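A quick write-up on the structure given underneath.
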């Protein structure tokens, strides 16, 4: 038995017809912008300038905030130092008060002759509080 080849039908081909168009060279023509375009361009330029000014202001503010933060931190350190000094003065005054007894044999003219600070401590107190606070004997 011989096999016969069946005919294969090909789908119909669609043929596109392309119109031929004549190419004509055109000279470029300057088109005048309409006033609305000019206004929009001007508005965009103004907005861009404003945005740039705002960004520059923000950068300056960031710098100023950093400076203020640093100054506040420095003030905080100064306050801590001053507080420690006042605590020291308070303790010294308490010690002196407990030593300063008018009936003591070492008491003379408002000064306790038995109680004596080391020279560097006396100089530091003299420098910080005043010369009239420290009496050298």
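Numbering (our numbering), first residue to last: 111 to 247.
C-beta atoms are modelled at their ideal positions from N, C-alpha and C, and glycine is treated no differently.
Keep in mind that this is a model prediction, so the values were computed, not measured.
Residue i to residue j span [Cα, whole Å]
{"i": "residue 169", "j": "residue 161", "result": "12 Å"}
{"i": "residue 232", "j": "residue 199", "result": "12 Å"}
{"i": "residue 229", "j": "residue 220", "result": "20 Å"}
{"i": "residue 178", "j": "residue 156", "result": "33 Å"}
{"i": "residue 149", "j": "residue 163", "result": "21 Å"}
{"i": "residue 92", "j": "residue 145", "result": "Because the chain spans 111 through 247 in this model, residue 92 falls outside it and cannot be assessed."}
{"i": "residue 130", "j": "residue 151", "result": "41 Å"}
Residue i, buried or exposed, once every other Cβ within 10 Å from all chains shown has been counted against 16
{"i": "residue 214", "result": "exposed"}
{"i": "residue 240", "result": "exposed"}
{"i": "residue 111", "result": "Note that residue 111 scores a pLDDT of 49, beneath 50, so its modelled location is shaky and nothing firm can be said."}
Contact check, residue i vs residue j, beta carbons under 8 Å
{"i": "residue 235", "j": "residue 202", "result": "yes"}
Supposed contact pair residue j and residue i - C-beta distance, whole angstroms, cut 8 Å
{"i": "residue 216", "j": "residue 226", "result": "That pair is no contact at about 10 Å."}
{"i": "residue 238", "j": "residue 184", "result": "Not quite, the Cβ-Cβ distance comes to about 20 Å (not below 8 Å), so this is no contact."}
Any non-hydrogen atom of the ligand NAD closer than 7 Å to residue i Cβ
{"i": "residue 194", "result": "The ligand NAD is not part of this structure, which contains no ligands at all."}
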